[in-house]
Amino acid sequence: LLLIYLLFLPGSHYLHFFFTGIEGGQTFPEFIVVVMFDGAQIGYYDSTDEKVISKVEWLKEDTDPDWSEYIRRSRRSQQNFKYNMKILMQRANHTESVHVYQRMIGCGTDNNGKTRGFDQFGYNGEDYLMFETENVRWIAASHFAVLQQDKWNSDRAGRQDSKDFIDHVCTRWLKKFIIYQEKS
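To convert, take the position in the sequence shown, counting from 1, and add 1053; that gives this note's numbering.
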């Protein structure tokens, strides 16, 4: 996590999405998405209310298709997280207690306008998989993730979708949010 913040130094801008799936935690929603822009929370979604809540005024006024796309992606991610959580729990032989599956994906620009991005997953507080944007492939962070790495790397279209989100969708949203923030 520290590495992510070191990539985006002061004076730069960044957009991060934090997805969290929780199994067995009855007091928490089973799925949560938090959107951070330059270190401040700007959006929130959870499986209890199933609606996106904007946390900033300048985004509440935004009615363009990008925010609608974010809502669709959040709902689709909720289904994917539930499916992947069950697979992880089976592989780890976890049946009871609370388990957490997380994804952090985002992008940023430095003072020179150069963009960078990242996509990584964790399970129960441990690194699980990381996306290598230069080579468009997933890297297992532990022996536990090798099966998932091989499966996801065999899906060429899925790997390209991850790269396209980081390189195009996320950076487009980031640039738009910078403009919105400057106007507010």
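For each residue, glycine too, the CB sits at the ideal point set by N, CA and C.
In this structure F1174 touches R1156 by the C-beta definition: roughly 5 Å separates them, less than 8 Å.
Per DSSP, S1215 is not a residue of any beta strand (DSSP E); the alpha helix (DSSP H) it occupies stretches across 1209-1217.
Cα atoms of N1164 and Y1067: separation of roughly 11 Å, rounded to the nearest angstrom. DSSP lists M1183 as the bridge partner or partners of I1192. In the three-state reduction of the DSSP assignment, E1076 falls in the strand class.
Y1176 and L1200 do not touch by the CB rule: their CB atoms are close to 13 Å apart, not below 8 Å.
Less than 8 Å divides the Cβ of G1074 from the Cβ of F1134. Taking G1096 as the centre and dropping the five residues before and after it, the same chain places the C-beta of V1086, V1087, V1088, V1105, I1106, S1107, K1108, L1112, Y1123 closer than 8 Å to its C-beta, in chain order. In the structure shown, the three-state DSSP call for H1152 is strand. Taking the CA atoms as reference points, R1212 sits about 30 Å from T1101.
For F1230, the uninterrupted alpha helix (DSSP H) run begins and ends at 1224-1236, by DSSP. Cα atoms of E1187 and E1110: separation of roughly 36 Å, rounded to the nearest angstrom. Residues F1090 of the same chain have their beta carbon placed closer than 6 Å to that of F1230, with the five preceding and five following residues left out of the count. Boundaries around D1172 are those of the beta strand (DSSP E), 1168-1176, since no alpha helix (DSSP H) includes it.
Where V1199 is concerned, the enclosing alpha helix (DSSP H) starts and stops at 1199-1206.
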